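A.B. asks: Attaching a single structure in structure tokens format; questions to follow.
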Amino acid sequence: MSRIQAAAVAALLLPAATEAQELPVVKLFTTGGTIQSLGKDRLKLAEYREGRIDGATIVEAVPEASRLARIEVEAISAVSSTRMGAEQGLPLARQLMTELERPEVAGAVVTHGTTTLEETAYFLHLTVRTTKPVVVIGSMRPWTAVSRDGPLNFLGAVRTVLTPEAAGKGVLVLLNDTIHSARFVTKRHTYHIETFVSPDVGPLGFADADRVVLYRSPVTRHTADTEFDLDGIEELPQVDVVYGYQEASRAPIDALVKEGAKGIILADGSPAYRNAVLEAQAAGVVVVQGSRKGSGRVVLSDRTAARSEITADNLHPQKARILLRLALTRTTDARELQRIFNEY
Amino acid sequence: MSTERAFAAAGAALLAAAASAAQEIPPLPPPGIDLPHVVLVSVGGEIATGCETPLELAGCESARETFAPETWTRDLPDLGLVARVATEDLRAFSRADGSAAPEHWHGLAERLRQLAGDSAVDGVVVTHGADGLADTAFFLNLVLPTRTPVVLVAAQRPWSAVSGDGPLNLYDAVRVAADPAAAGKGVVVVANQEVHAARDARRTSAYRMDGFGSVDLGLIGVADPDIVRFFTEPTRRHTHRSEFELAALPEALPAVEIVAAVPDAPGRLIDASVAAGAKGLVVDGAGGLSGGQLEAVRRAHDQGIVVVATSATRGGRVPETSALSESGIIPGDNLTPGKARTLLRLALTKTSDPVEIRRIFGEY
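Here the protein sequences come in this chain order: C and S. Going left to right, the first sequence walks through residues 1 to 344 as this note's numbering numbers them. Going left to right, the second sequence walks through residues 345 to 708 as this note's numbering numbers them.
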């Protein structure tokens with residue numbers, strides 16, 4: 001690094017003569033996932049069951065972040081993302097709201113496993129009433145890996161929280177320098193670094209080496225503008241996803257109705273579903289037509305309207321599930337539910 | 345069973361209603377129906393072009409005819425279902441390919457400013473050649489002081505083509521212009537059922553149907569068969585939030601040339617541009633400038649010429665590195681060289697201070 005480059009980086013990272021206690025606070029909530037996981041050696045890129053690091057280790061590994069903000073660490077869980085759900089999501093959302101009310105807190109960073117990261121991020125996007133930035137991060141490579149992405153994702157998230165333009169844009173997801181809206185982002189690859197994408201819509205911006213830039217703002221409802229209220233909510237209604245494919249049988253739908261599911265998201269369909277759906281609806285189960293295609297909206301048609309089916313817009317089935325669970329805390333009216341799917 | 349029969353009956357009733365509605369669609373809405381008022385302005389383009397045979401897909405090989413905008417309202421009565429459409433023929437402002445000629449950009453913008461500023465107008469659609477559309481759209485995005493939707497639309501195939509995209513693009517453009525949600529989002533480009541922000545829209549294919557995209561970013565909305573739906577909005581300054589005033593612009597904008605930055609390029613193209621009167625330069629490259637070019641940039645800087653760098657990788661910003669800062673070259677963000685040139689020409693009407701121009705490239 002040339003002397004000028006070093007000076008530029010120092011200027012970027014060190015606000016002029018700021019005392020540590022005057023720095024804004026950034027909360028780091030950890031839930032687990034690859035970013036906190038350890039492999040046997042540094043070439044184990046996709047195998048890492050040798051324990052986990054905690055949030056403090058991440059903060060220590062990236063001292064540049066602590067020159068920008070006082071990082072306060074709080075552990076929510078230490079699990080792989082497939083074990084995450086409302087049980088962790090509800091307390092996480094509540095703690096975020098409590099902490100973000102402190103005036104000295106600029107925003108929050110949440111670590112998460114990547115497989116269901118978009119689900120927790122969307123849940124927070126729909127429930128955390130704040131205009132302060134919340135950035136969910138993960139990593140594609142374990143903490144022990146060569147060319148690990150975790151540290152830079154963490155630093156990018158802290159820089160994004162401290163970017164004034166990031167306020168009011170809802171929950172953000174940052175991996176690989178790219179800032180996505182929780183509403184649109186999805187995991188598109190099993191292990192590459194460039195994995196998180198927002199199909200069709202694209203990212204909102206980038207945490208580039210020189211500055212954090214934001215080009216877009218989501219216009220769907222979220223965070224401060226949400227109608228969903230977690231007060232008094234201890235659990236969420238059961239909603240499951242049924243996958244459509246050639247010759248799919250109606251058995252999964254029947255089983256879910258019997259089990260007491262309150263809602264079902266169809267990821268495409270099957271002729272066998274038609275009667276099963278009518279019977280499920282007659283039993284009071286809400287059915288939402290989604291798509292497994294990965295991009296594009298489910299178009300509202302006379303046919304879906306006649307079937308009292310709600311359409312999932314361009315939400316992926318796993319995200320339509322999150323929205324329906326929250327919507328069912330407020331209404332079971334088909335028209336209201338469709339309004340909610342059109343607005344969020 | 346009874347539920348199913350009820351469903352079938354409801355479905356049949358809906359289908360019957362839809363069918364009868366389809367038969368009873370009037371060619372234009374009867375007077376008094378409260379539909380949005382959209383002005384459809386023709387600058388020409390493939391969308392206004394008829395070839396002799398329907399298989400001339402990539403432009404006319406045979407004799408071509410560009411037709412008056414009334415042809416659209418006649419061929420596409422469906423427009424009357426979504427808006428009261430008035431037409432205006434501005435083909436005189438276009439070049440042979442149907443794109444607005446840069447010498448007429450000011451005149452076009454002035455007329456669009458009047459239309460968009462008319463309280464009786466809910467939205468404006470401008471048809472345009474696909475080639476120059478992204479550049480015209482960005483210019484308009486920077487100078488039209490309006491919140492009224494202004495939609496640029498093109499077709500990849502002539503109007504006469506089999507499976508032509510023109511009719512649906514035009515119908516979608518009118519729907520977007522008539523949609524209150526399009527207000528305040530800047531000039532937009534509608535093509536292939538997608539809505540793109542003018543700043544980021546690019547031609548992404550010379551003749552296939554996915555002709556426009558927003559590289560690195562993405563669409564801001566869709567014109568789907570059921571509804572127009574916006575997902576995001578651009579945050580960079582535009583239209584009603586722009587500092588560039590149409591009335592204050594000189595007759596001819598300051599000259600800015602584009603130079604390709606390649607490893608062994610001589611400096612003489614830069615020298616020649618400056619000698620010919622360029623007030624600014626856009627250097628477009630994927631690496632750095634050659635030694636000869638850097639020397640020529642130094643000579644240009646000595647004469648007060650402003651130099652902006654864009655990235656020929658066509659994805660990603662030009663980052664502010666210390667090497668770039670030392671050379672005095674201003675990063676062109678993630679703009680294409682053509683759009684960086686337009687922004688620099690407008691910026692130079694207000695200032696030649698590099699600090700100010702750097703701010704402008706960060707804000708627009």
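All residues carry an ideal CB built from backbone N, CA and C; glycine is no exception. Source: prediction; values computed, not measured.
Give a yes or no on whether the minimum CB-CB distance between C:Arg218 and chain S is below 7 angstroms.
C.D. replies: The sequence given here has Pro at residue 218 of chain C, not Arg. By this cut-off, C:Pro218 is an interface position.
A.B. asks: Can you list the residues of chain C that S:Glu707 reaches, using a CB-CB cut of under 9 angstroms?
C.D. replies: The premise fails here: S:Glu707 is roughly 11 angstroms from chain C at the closest Cβ pair, so nothing lies under 9 angstroms.
A.B. asks: Quick check on the burial criterion: 16 or more other C-beta atoms within 10 angstroms. Buried or exposed for C:Gly33?
C.D. replies: Counting Cβ neighbours within 10 Å, C:Gly33 comes out buried, since at least 16 surround it.
A.B. asks: How is S:Ser438 classed by DSSP in three states: helix, strand or coil?
C.D. replies: Residue state, collapsed to three classes: strand.
A.B. asks: For S:Gln458, does the count of other Cβ atoms within 10 angstroms reach 16, so buried, or fall short, so exposed?
C.D. replies: Burial call: exposed.
A.B. asks: What residues in the stretch 59-87 of chain C bring their beta carbon closer than 7 angstroms to a beta carbon of chain S?
C.D. replies: Taking 7 angstroms as the Cβ-Cβ cut-off against chain S, none of the residues of the stretch 59-87 of chain C qualify.
A.B. asks: In the DSSP assignment, find the unbroken beta strand (DSSP E) run with S:Arg428 in it and report its ends.
C.D. replies: From DSSP, the beta strand (DSSP E) with S:Arg428 extends over 428-433.
A.B. asks: Report the rounded CA-to-CA distance for S:Ser438 versus C:Leu230, giving the unit in angstroms.
C.D. replies: One C-alpha to the other measures close to 58 angstroms.
A.B. asks: In the DSSP assignment, the beta strand (DSSP E) including S:His381 goes from what residue to what residue?
C.D. replies: S:His381 -> beta strand (DSSP E) spans 381-386.
A.B. asks: Can you give me the start and stop residues for the beta strand (DSSP E) that S:Val469 sits inside?
C.D. replies: Segment 467-471, the beta strand (DSSP E) holding S:Val469.
A.B. asks: Scan the stretch 198-216 of chain C for residues whose Cβ lies nearer than 9 angstroms to a Cβ of chain S and list them as they occur along the chain.
C.D. replies: Taking 9 angstroms as the Cβ-Cβ cut-off against chain S, the residues of the stretch 198-216 of chain C that qualify are Ser198, Pro199, Asp200, Val201, Gly202, Pro203, Leu204, Gly205, Phe206, Asp208, Ala209, Asp210, Arg211, Val213, Leu214, Tyr215, Arg216.
A.B. asks: At a CB-CB cut-off below 9 angstroms, which residues of chain S make contact with C:Phe184?
C.D. replies: Near C:Phe184 (Cβ distances below 9 angstroms), the residues of chain S are Gly562, Phe575, Thr576.
A.B. asks: Between the alpha carbons of S:Thr764 and S:Gly528, how many angstroms are there, rounded?
C.D. replies: This structure leaves residue 764 of chain S out entirely; chain S is present only between 345 and 708.
A.B. asks: Check the Cβ-Cβ distances between S:Asp523 and every residue of chain C, and say whether any is below 7 angstroms.
C.D. replies: For S:Asp523, the answer is no, since every Cβ of chain C falls outside 7 angstroms of its Cβ.
A.B. asks: Checking contacts by CB at 7 angstroms: is C:Thr332 closer than that to chain S?
C.D. replies: Not one chain S Cβ lies under 7 angstroms of C:Thr332.
A.B. asks: Whose C-alpha, out of C:Leu162, C:Ser147, C:Ser81, is nearest the C-alpha of C:Gly69?
C.D. replies: It is worth fixing the name first, because residue 69 of chain C is Ala in this sequence and not Gly. Of C:Leu162, C:Ser147, C:Ser81, the residue nearest in Cα terms is C:Leu162.
A.B. asks: Taking only beta-carbon positions, decide if C:Arg292 is within less than 7 angstroms of chain S.
C.D. replies: So, not an interface residue.
A.B. asks: Here's a check: name, in chain order, each residue in its chain whose Cβ is nearer than 7 angstroms to the Cβ of S:Arg599, leaving out the five neighbours to either side.
C.D. replies: Residue 599 of chain S is actually Ala in this sequence, not Arg. So the qualifying residues of the chain are Gly621, Ala622, Lys623.
A.B. asks: So with Cβ pairs under 7 angstroms, would you call C:Ala11 a contact of chain S?
C.D. replies: Reliability of the predicted coordinates at C:Ala11 is poor, the pLDDT of 46 falling under 50, and no value is obtained from them.
A.B. asks: Mind listing the chain S neighbours of C:Arg297? Cutoff is C-beta to C-beta under 9 angstroms, in chain order.
C.D. replies: Here the neighbours are Val566, Asp568, Asp570, Ile571, Arg573.
A.B. asks: Under the three-state reduction of DSSP, which class applies to C:Ile233: helix, strand or coil?
C.D. replies: The answer is coil: DSSP assigns C:Ile233 none of H, G, I, E or B.
A.B. asks: Got a sec: is the Cβ-Cβ distance from S:Arg552 to anything in chain C below 7 angstroms?
C.D. replies: Output row for S:Arg552: interface = no.
A.B. asks: Determine the burial state of C:Thr130: buried for a count of at least 16 other Cβ atoms within 10 Å of its Cβ, exposed for fewer.
C.D. replies: By the 10 Å Cβ count, C:Thr130 comes out buried.
A.B. asks: Alpha carbon to alpha carbon, what distance is there between C:Val242 and C:Ala255?
C.D. replies: Near 11 angstroms, if we compare the C-alpha coordinates of C:Val242 and C:Ala255.
A.B. asks: Where S:Val606 and S:Ala550 are concerned, what is the direct C-alpha to C-alpha distance, given to the nearest angstrom?
C.D. replies: In a straight line, the C-alpha of S:Val606 is about 25 angstroms away from that of S:Ala550.
A.B. asks: Which first and last residues belong to the alpha helix (DSSP H) in which S:Val738 is found?
C.D. replies: Nothing can be reported for residue 738 of chain S, as the shown portion of chain S is limited to 345 through 708.
A.B. asks: Taking the straight line between their C-alpha atoms, what separation do you get for C:Gly149 and C:Asn176?
C.D. replies: Reading off the sequence, residue 149 of chain C comes out as Asp, not Gly. Near 7 angstroms, if we compare the C-alpha coordinates of C:Asn176 and C:Asp149.
A.B. asks: When you compare only the Cα positions, how much space is there between S:Gly631 and C:Asp41?
C.D. replies: If you take the alpha carbons of S:Gly631 and C:Asp41, they lie about 36 angstroms apart.
A.B. asks: Below 8 angstroms, can you find three or more Cβ-Cβ pairs linking the stretch 684-704 of chain S to the stretch 217-232 of chain C?
C.D. replies: With a cut-off of 8 angstroms, the stretch 217-232 of chain C and the stretch 684-704 of chain S do not count as touching, because too few Cβ pairs lie within range.
A.B. asks: Run the CB neighbour count on C:Val112, radius 10 Å, all protein chains shown included, and call it buried at 16 or more, exposed below.
C.D. replies: Reading off the sequence shown, one finds His at residue 112 of chain C, where the question assumed Val. Classification for C:His112: buried.
A.B. asks: If we cut at 7 angstroms on Cβ distances, does S:Arg661 have a partner in chain C?
C.D. replies: By this cut-off, S:Arg661 is an interface position.
A.B. asks: Check the Cβ of C:Glu194 against every Cβ in chain S and list those closer than 7 angstroms, keeping chain order.
C.D. replies: Neighbours of C:Glu194 on chain S: none; closest Cβ ~12 angstroms, over 7 angstroms.
A.B. asks: Within its chain, find whatever has a CB closer than 6 angstroms to the CB of C:Val171; leave out the 5 residues flanking it on each side and keep chain order.
C.D. replies: Excluding residues within five positions, the ones whose Cβ falls inside 6 angstroms are Ala121, Leu124, His125, Val134, Ala182.
A.B. asks: Can you tell me where the alpha helix (DSSP H) holding S:Thr417 begins and where it ends?
C.D. replies: First-last of the alpha helix (DSSP H) with S:Thr417: 414-419.
A.B. asks: DSSP three-state label for C:His180, please.
C.D. replies: It is a strand residue.
A.B. asks: Using the Cα positions of S:Glu432 and S:Val532, report the straight-line distance between them to the nearest angstrom.
C.D. replies: Computed Cα separation, rounded: 19 angstroms.
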